[in-house]
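A.B. asks: I am attaching a structure below and will ask some questions about it afterwards.
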Amino acid sequence: LAGTDHKYPRAQRRNHKRTSQTNQSPQHTSITVAKAMAMAMATATVTAAAATTATATSPAAAPWRKREGAEAQRKALYTADDPCQIQAWYPALREFTFETSTIPLSVEQAEALKFMAEYFKLFKKFLLKRDPSTSGDPSKGIHLHYNARRSGEDSKDKEVKWGEFFDWQALANSAQSGEGGGDGEGKTTRKNLASQKHVEALQRLAESIDKAITGKHGAFVRLSTRSPKDSGLESVRMFDIFKEMLGSGDKDGAAHGNVGAELPKCKRDTAVVNAFYAASTKALCVRSGVEAIELFCRSYRTFVDLNMQLLKQGHEKFKAFVIIRSWEPALDPLLEFRLFVRKQVPVALTQYHKHVYLPECTKYGKAIQEAILSKFSEIRPKLDARLQDFTIDFAVILSKVNPDSKGNTGVGATTDVVRNVHMIEVNHEPPIAGTGLFDWKNKDDVRILTEGPFQYRALELKDIEKLPPLVDLIPDTSIMFLKYVYGRQDFGVSR
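Residues in the sequence shown are numbered consecutively from 6, following the numbering used here.
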């Protein structure tokens, strides 16, 4: 899972598996030297022809190859010179965004985070493959509580927590006792010493994060590249918030807390999806350095980004940061929007979560557009000159709408529908950055995102019927949660 958007649903996984099996057929693996040389020559010819054709095409036909700044952005990825990294743009734009502090990340700490993230991913996969009903392995610090055995009707412990948790400090204890080394109990191995070294490095980082968390509502933590938002998808806190948002459901699956049985199924499912995305975002709020490290250690995004930064920069020139941002409780996690900018001119705006339906996004669409574009006009003069083609994310806080004399509550009923707009972050241009309700594979959408004219997109009520079934919109663990806690069975039914 790459992020809050569930970008790799079951249907795609099945297709990917079939494609992989086809590509690995015996005919592809048993190629003679002569045939390989012939194929290489043919490929070179096709590549040359393609290059000639690409030169003759318009930028709209192959925008990510032809645009001047695209290649520069790719080269800057994972380097300290990337103008989209928060430590680069925050000093000039701090008045428009959340209070932020940066903590330099040492090579030792980066290696420790990378080790822990890979450790958790591999052991979690191994434990679940060995026993799908496992509760994890406390000796390895891995706690997995999302399965039928512990949460079904036969479970004696009705209050068991759903979700996963990584006690990363437990590795130091197992190293000192000689557990988990594979050379016999009581022996200290090089593997255990390495684990203890990593824990000590992260404990020092946790202390630095503790000092940086000053807000009374907690903080949002991330790397200078990306956030560990994939950690929020299956955490214990996410399921606690998810359950609270859904309310108390009944076992026959007729109702889902606040989502009444009288609603059509598609609308009930939409409310479940909205609750999941909101809960997975709220679960990212941390109040201590230990909590922040736990998020990083369960994030595969952390592993990928640090691995790429270490490979691209090298240990001697390594420069990366942990970012601490104050948490704003007034924000609705679902009212996030992405603005696409070309040559510092806005060309499109979309709601960030493409599977979330909020009536406000269409009802007050005009006011939202105007507020975000107005905010960007203030930001634009202070942008780094290197930022020409990029995306920029905003969070919107809406006011209570006052009806006009006729009782209408449309956009024209009040002049202050949007109470505030917070800039969240600057990102790269597509396709490095996601495109929300625009489709980068659609030529017309690509033309809009690169040339305009300006267009705003939000999911409308009529679009709900076209969304994939619930089973393809949220992770398997959440499907299991709905099945055993709320009695849901109709996940794969098409709308």
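Backbone N, C-alpha and C fix where the C-beta goes; we use that ideal spot for every residue, glycine too.
1. Could you check the C-alpha separation between Glu249 and Met243 for me, to the nearest Å?
2. Are the beta-carbon atoms of Lys359 and Gly441 separated by less than 8 Å?
3. Assuming contact is defined by CB atoms lying nearer than 8 Å, are Ala288 and Leu251 in contact in what I supplied?
4. When you compare the stretch 131-150 with the stretch 323-340, are there three or more beta-carbon pairs, one atom per stretch, that lie closer than 8 Å?
5. Any beta carbon from chain B within less than 8 Å of Glu212's own beta carbon?
6. Measure the C-alpha to C-alpha separation of Gly187 and Arg347 and round it to an integer number of angstroms.
7. Out of curiosity, what's the CA-to-CA distance linking Tyr305 and Gln374?
8. The alpha helix (DSSP H) that contains Ser483, what's its start and end?
9. Let's test the definition: count the other Cβ atoms within 10 Å of the Cβ of Leu316 and tell me whether it reaches 16, buried, or not, exposed.
10. Tell me which same chain residues have a C-beta within less than 8 Å of the C-beta of Thr105, skipping the five on either side of it?
11. Please state whether DSSP places Ser232 in a helix, a strand or coil.
12. Please state whether DSSP places Val401 in a helix, a strand or coil.
13. Return helix, strand or coil for Glu239, following the three-state DSSP convention.
14. Rounded to the nearest angstrom, what separates Pro233 and Val295 at their Cα positions?
15. Closest to Val422 by C-alpha separation, out of Ile437, Ile377, Glu465, Asn447, would be which residue?
16. Under a Cβ-count criterion, where at least 16 other Cβ atoms within 10 Å of its own Cβ denotes burial, should Thr275 be classed as buried or exposed?
17. Apply the 10 Å Cβ neighbour rule to His433 and answer buried if 16 or more other Cβ atoms are within range, or exposed otherwise.
18. If you draw a straight line from the alpha carbon of Leu487 to that of His203, how long is it in whole angstroms?
19. Whose CA, out of Ala85, Thr102, Arg79, lies closest to the CA of Ile384?
20. Quick one: using the 10 Å Cβ neighbour count with 16 as the cut-off for buried, is Gly141 buried or exposed?
21. Assuming Leu344 and Thr396 are in contact, meaning their beta carbons sit under 8 Å apart, how far apart are those beta carbons, in whole angstroms?
22. What does DSSP give as the partner residues of Gly109 in its beta bridges?
23. Using the C-alpha atoms, what's the distance from Ile147 back to Lys380?
24. For Glu341, which three-state DSSP category applies?
25. Can you tell me the Cα-Cα spacing of Ala81 and Glu430, whole angstroms?
26. The alpha helix (DSSP H) with Leu385 in it runs from where to where?
27. Could you tell me if Gly319 is buried or exposed, where buried requires 16 or more neighbouring beta carbons within 10 angstroms of its beta carbon?
28. Assuming Ala122 contacts Cys290 under a Cβ cut-off of 8 Å, what Cβ separation, rounded to an integer in Å, is found between them?
29. Classify Lys467: buried if its beta carbon has 16 or more other beta carbons within 10 angstroms, exposed otherwise.
30. How many whole angstroms separate the CB atoms of Phe342 and Val401, which I take to be in contact at a CB cut-off of 8 Å?
31. To the nearest angstrom, report how far apart Ala93 and Leu110 are at their CA atoms.
32. If you compare alpha carbons, which of Lys448, Tyr362, Gln314 is closest to Leu339?
33. State buried or exposed for Asp481, treating a residue as buried only when at least 16 other CB atoms are found within 10 Å of its CB.
34. Within 10 Å of its beta-carbon, does Glu239 have 16 or more other beta-carbons around it, so buried, or fewer, so exposed?
35. Helix or strand or just coil, what does DSSP make of Arg391?
36. Would you kindly work out how many angstroms separate the C-alpha atoms of Ser293 and Ile453, rounded to a whole number?
C.D. replies: In short:
1. 10 Å
2. yes
3. no
4. no
5. The question asks about chain B, but that chain is absent: this structure has only one protein chain.
6. Note that Gly187 scores 43 on pLDDT, short of 50, meaning its location in the model is unreliable; the coordinates nonetheless yield the value given after this. Cα to Cα, Gly187 sits roughly 56 Å from Arg347.
7. 34 Å
8. 481-491
9. exposed
10. Taken in chain order, the residues that qualify are Ile91, Tyr95, Arg99, Ile328, Ile329, Arg330, Ser331.
11. coil
12. Here Val401 sits in strand by DSSP.
13. In the structure shown, Glu239 sits in coil (DSSP, three-state: anything other than H, G, I, E or B).
14. 14 Å
15. Ile377
16. buried
17. Buried, because 16 or more other Cβ atoms sit within 10 Å of the Cβ of His433.
18. Take the alpha-carbon of Leu487 and the one of His203: they are about 37 Å apart.
19. Thr102
20. buried
21. Right, the Cβ-Cβ distance comes to about 7 Å (below 8 Å), so this counts as a contact.
22. First, the residue type needs correcting, since residue 109 is Pro and not Gly in the sequence shown. Pro109 pairs with Phe326.
23. 44 Å
24. strand
25. 17 Å
26. Checking the sequence shown, residue 385 turns out to be Arg, not Leu. Neither: Arg385 is in no alpha helix (DSSP H) and is coded neither H nor E.
27. exposed
28. Contact flag wrong, Cβ pair sits at about 20 Å.
29. Of the residues assessed, Lys467 falls on the exposed side of the cut-off, its CB having fewer than 16 other CB atoms within 10 angstroms.
30. 7 Å
31. Cα to Cα, Ala93 sits roughly 15 Å from Leu110.
32. Tyr362
33. exposed
34. buried
35. Secondary structure of Arg391 (DSSP, three-state): coil.
36. 43 Å
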